[in-house]
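>
Protein chains in written order, with the working numbering: chain A, 1 to 276; chain B, 1001 to 1293.
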């Protein structure tokens, strides 16, 4: 008994060290974002900078030349709008596919499922052509509309709605409630955890999304954070401390979302959600 | 009468999403399939589309950049996924019941997965800086003579990306494995410990076999995900030096939006789909064998 207890302590120390190693690149990023440029590569690495230039670094990143505030605003706008829209449309769809009986329901749902394994690269170029055709290329609206539908969202919420006993909505139906009332008054409150999971995952994915904005946006003023940082990094090249300050700003909101919504994120990915 | 109303309501509920599905999933798939048989530069307008039959698919065999990308894709998968699966399983096993503070450690391992890929790549780019970067300074302090040039070397660029990818994905594998472990009843472990089985024996004789549905799921998901790797390549190397880090998803993008080969890029996309399709088919075949139900 004593021996296994000792082993547990040793493993705990070992794994805490491992965890810190995993976090090291991010800790280094935060520390470097506060450094004077000349100190960036001092070795051995000092995580607490000997002289700090943090205020100035962050001021430059958020200042006029770099426009980080604008990228931030663009990212928030796109991530929030696509999340809200997708959750709403997915929940409507999920309800239609689980709580109403109608003729082609299951066939259409099978069609949805059949497209699930098609990689986004297959549709990417045609989506670009379609957006150009309907004059939504290089607009936020185009990106948001495109992100507002996902088979995965419908699938996840449908799974959850299927688990709600049929009798619940049927008795409401007999009492004269229409489908909108059942959807908003009975079903939605019951699938709140799944809705939260979908919303948080969708927000994180959209916030981090690089490929879609890269292909569907062209003007700098419309860029989201990932595009903005990449642009900044290739322009300023060796201003590493500034690049790190920018990276910190991109990651902070995610860490906050993660700390508050960890349970939902873990629920989502353990039930089979993968980055789109 | 009543059924008619149900049908109407059903259609109304799915309609908004269905329109999105039609325009941004269904139609693009059909378009892409058609375009994969054509020679076209979209800048020249719809009239310039030339149907060329199987010509694009024939061209693949002589396209060196395509072959390199395909081989790189396979190498990338082989170098990342087994590591993630094996480390993920061992770490999950230890974190789950052999350490204190397991929640804290799990979170520490998982944070890289949540962080934005582009931001993380910018950070690693600096860490891998060949002359003064912390990684090489560390190797130097260990006495390594011939320091790798990482992202700017043909030999090391892909390895650098493999390291970043594993670092980012490992937390995901750990979390899903830990969820799998929760479904193994603790009675089995108790019985094993009463019989005097050591941790190692328990791990190999009980945990590994009972986790196989999770292992299977993660392997398939991991392989498919690694086939689609794009962000890292686009941010860090643009496929270079030479074609040493080009992968299918990157080549599709390059062919479509840098070389304006609208037809051929779709052909490449269907090859990527074919790869994923094969993996999915194998998954379906094997699923029966591994599923618990």
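The beta-carbon is built from N, C-alpha and C at its ideal position, and this holds for glycine as well.
Measure the beta-carbon distance from residue 27 (chain A) to residue 14 (chain A) and round it to whole angstroms, keeping in mind my assumption that it falls under 8 Å.
Contact flag wrong, Cβ pair sits at about 19 Å.
> Output needed for residue 227 (chain A): all residues of its chain with C-beta closer than 8 Å, excluding positions within five of it in sequence on either side, in chain order.
Cβ within range, chain order: 71, 210, 213, 214, 217.
> Measuring CB to CB, does residue 92 (chain A) end up less than 9 Å from residue 148 (chain A)?
No, the pair does not count as a contact, with Cβ atoms beyond the cut-off.
> Can you round the beta-carbon distance between residue 1020 (chain B) and residue 105 (chain A) to whole angstroms, since I take them to be within the 8 Å contact cut?
18 Å between Cβ atoms; not a contact.
> Comparing the C-beta of residue 1293 (chain B) with each C-beta of chain A, is any distance below 9 Å?
Low confidence applies here, because residue 1293 (chain B) scores a pLDDT of 44, under 50, leaving its location unreliable and the question unanswered by this model.
> Does the beta carbon of residue 1035 (chain B) sit closer than 9 Å to a beta carbon anywhere in chain A?
Chain A contact via Cβ: present.
> Taking all protein chains shown into account, do 16 or more other C-beta atoms lie within 10 angstroms of the C-beta of residue 1001 (chain B), making it buried, or fewer, making it exposed?
With a pLDDT of only 45 at residue 1001 (chain B), under the threshold of 50, the placement of this residue in the model should not be trusted; the figure read from the coordinates follows. Per the 10 Å Cβ criterion, exposed.
> On the DSSP bridge assignment, give the partners of residue 52 (chain A) in chain order.
According to DSSP, residue 52 (chain A) bridges with A:35.
> With 9 Å set as the bound, which would you pick, yes or no: does the beta-carbon of residue 1231 (chain B) sit closer than that to a beta-carbon of chain A?
It does; some Cβ of chain A falls within 9 Å.
> Considering only DSSP beta bridges, list what residue 1050 (chain B) is partnered with.
In the DSSP output, where bridge partners are listed per residue, residue 1050 (chain B) has B:1039.
> Between the alpha carbons of residue 1123 (chain B) and residue 125 (chain A), how many angstroms are there, rounded?
Their Cα atoms are separated by approximately 30 Å.
> Tell me the DSSP secondary structure of residue 142 (chain A) in three-state form.
Looking at residue 142 (chain A) - three-state DSSP - the assignment turns out to be helix.
> From which residue to which residue does the alpha helix (DSSP H) around residue 201 (chain A) run?
Residues 192 to 208.
> For residue 1073 (chain B) and residue 164 (chain A), what's the separation of their Cα atoms in angstroms?
Rounded to whole angstroms, residue 1073 (chain B) to residue 164 (chain A) spans 43 Å at the Cα level.
> Tell me whether the region 1182 to 1198 of chain B and the region 1106 to 1114 of chain B touch, counting them as touching only if at least three CB pairs, one residue from each stretch, are closer than 8 Å.
The region 1182 to 1198 of chain B vs the region 1106 to 1114 of chain B: no contact.
> Is the CB of residue 189 (chain A) under 9 Å away from at least one CB in chain B?
It does not: the Cβ of residue 189 (chain A) has no partner Cβ on chain B nearer than 9 Å.
> So, does the CB of residue 179 (chain A) fall closer than 9 Å to a CB anywhere in chain B?
Judged by the 9 Å Cβ criterion, residue 179 (chain A) is in contact with chain B.
> Counting C-beta neighbours from all protein chains within 10 Å, is the total for residue 43 (chain A) 16 or more, i.e. buried, or is it exposed?
Answer is exposed; the Cβ neighbour count stays below 16.
> Taking only the alpha-carbon atoms, compute the straight-line gap between residue 1136 (chain B) and residue 1026 (chain B) and give it to the nearest angstrom.
Computed Cα separation, rounded: 48 Å.
> Give me the subset of the region 198 to 220 of chain A whose CB atoms are less than 8 Å from a CB atom of chain B, sorted by chain position.
The region 198 to 220 of chain A vs chain B, Cβ under 8 Å: 204, 207, 208, 210, 211, 214, 215.
> Restricting to runs no shorter than 4 residues, where is the alpha helix (DSSP H) found entirely within the region 1198 to 1230 of chain B?
Taking only runs of at least 4 residues, the alpha helix (DSSP H) segments lying wholly in the region 1198 to 1230 of chain B are 1199 to 1202, 1212 to 1227.
> Does the contact criterion of 3 or more C-beta pairs under 8 Å hold for the region 1056 to 1064 of chain B versus the region 1266 to 1276 of chain B?
Touching, per the Cβ criterion.
> Which chain E residues sit within Cβ distance under 8 Å of residue 92 (chain A)?
Annotation note: the requested chain E is absent from the structure, which comprises protein chains A and B.
> Within 9 Å of any Cβ in chain B, is that where the Cβ of residue 65 (chain A) sits?
Taking Cβ atoms only, chain B never reaches closer than 9 Å to residue 65 (chain A), which makes this a no.
> So the alpha helix (DSSP H) residue 1003 (chain B) belongs to, where does it begin and stop?
From DSSP, the alpha helix (DSSP H) with residue 1003 (chain B) extends over 1002 to 1021.
> Residue 255 (chain A) CB to nearest chain B CB: under 9 Å?
Closer than 9 Å to some Cβ of chain B, the Cβ of residue 255 (chain A) qualifies, so yes.
> Going by the beta-carbon positions, is the gap between residue 82 (chain A) and residue 230 (chain A) smaller than 9 Å?
Against a cut-off of 9 Å, the Cβ pair of residue 230 (chain A) and residue 82 (chain A) comes out as no contact.
> Between the region 1199 to 1219 of chain B and chain A, which residues of the former have CB atoms less than 9 Å from a CB of the latter, in chain order?
Those would be 1199, 1217, in chain order.
> With a threshold of 8 Å on Cβ separation, who are the neighbours of residue 1241 (chain B) within its own chain once the five nearest residues in sequence on each side are excluded?
Excluding sequence neighbours, residue 1241 (chain B) sits near 1152, 1153, 1154, 1157.
> Exposed or buried, what is residue 219 (chain A) when buried is set at 16 or more other beta-carbons lying within 10 Å of its beta-carbon?
Its Cβ having fewer than 16 others within 10 Å, residue 219 (chain A) is exposed.
> Does the contact criterion of 3 or more C-beta pairs under 8 Å hold for the region 1080 to 1097 of chain B versus the region 1165 to 1179 of chain B?
Contact holds: three or more Cβ-Cβ distances are below 8 Å.
> Can you list the residues of chain B that residue 71 (chain A) reaches, using a CB-CB cut of under 8 Å?
Under the 8 Å cutoff, chain B gives no residues; its nearest Cβ is about 12 Å from residue 71 (chain A).
> Within 10 Å of its beta-carbon, does residue 171 (chain A) have 16 or more other beta-carbons around it, so buried, or fewer, so exposed?
With fewer than 16 Cβ atoms within 10 Å of its Cβ, residue 171 (chain A) is classed as exposed.
> Less than 9 Å between the beta carbons of residue 1173 (chain B) and residue 1272 (chain B), yes or no?
No, Cβ-Cβ distance for residue 1173 (chain B) and residue 1272 (chain B) is not below 9 Å.
> Give the list of continuous alpha helix (DSSP H) stretches no shorter than 4 residues that lie fully inside the region 102 to 132 of chain A.
Runs of the alpha helix (DSSP H) inside the region 102 to 132 of chain A: 105 to 114.
> Taking only the alpha-carbon atoms, compute the straight-line gap between residue 161 (chain A) and residue 9 (chain A) and give it to the nearest angstrom.
One C-alpha to the other measures close to 44 Å.
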